[in-house]
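Numbered per our numbering, the sequence shown spans residues 1 to 141.
The structure appears below as structure tokens.
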Amino acid sequence: MAHDDPFTIDLFGNTAFSSGFDLGVPGFAAKFGADIDPPPSTPAPAAPVHKEPKPKAQMRTKVDFRLEGSRGLAKSWRDRARDNIAAILLANEIERQGLPARPDQQARLIKFTGFGASDLANGIFRRPGDEAFCKGWEELG
């Protein structure tokens, strides 16, 4: 039993730090009265670091885009995939220039429909393990 054996720590009655585990020798008995650690010293003040001035962000006039008429989405999945790819390329170009999209660019960007439709996704992306794209989709893939 843990309470009878001086070499066994009682895990459930108290912790190893406060158990009084002393191996039967009074020199190992836990003493909690004396604090031998000196108080921490005050750290030296940090040297000032030269801060780089942040570049001022260009403020642009924000204008809401209002589409005139309909989005003009293509009827076939292949044409929608072509519009999606064109919109992605245009968005990359606009981002590279760092300018807001003009109304004619916004009209082309709004044609992006995503690739979630199964007919569109199965046509534009290669199937796992296939070497080629689906027939008729090679030029877009």
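Every residue, glycine too, gets a C-beta built ideally from N, C-alpha and C.
A quick note: this is a predicted structure, and the numbers were derived from the prediction, not measured.
- With respect to Leu-109, Leu-89 sits apart: the two C-beta atoms are not nearer than 8 Å.
- Rounded to the nearest angstrom, the Cβ distance from Ala-87 to Phe-125 is 17 Å, too far for a contact under 8 Å.
- Here the alpha carbon of Phe-65 sits roughly 7 Å from the alpha carbon of Pro-103.
- Annotation: Lys-54 to Pro-48 spans about 18 Å, alpha carbon to alpha carbon.
- Distance between Gln-106 and Asp-130, taken at the CA atoms: about 36 Å.
- Counting along the chain, Pro-103 sits inside the alpha helix (DSSP H) bounded by residues 103-109.
- Shown here for Arg-71: same chain residues with a beta carbon closer than 8 Å to its own, the five before and five after excluded, namely Ile-110 and Lys-111 in chain order.
- At the C-beta level, Gly-123 and Ala-74 stay beyond 8 Å of one another.
- Straight-line measurement puts the Cα of Glu-68 at about 27 Å from the Cα of Leu-120.
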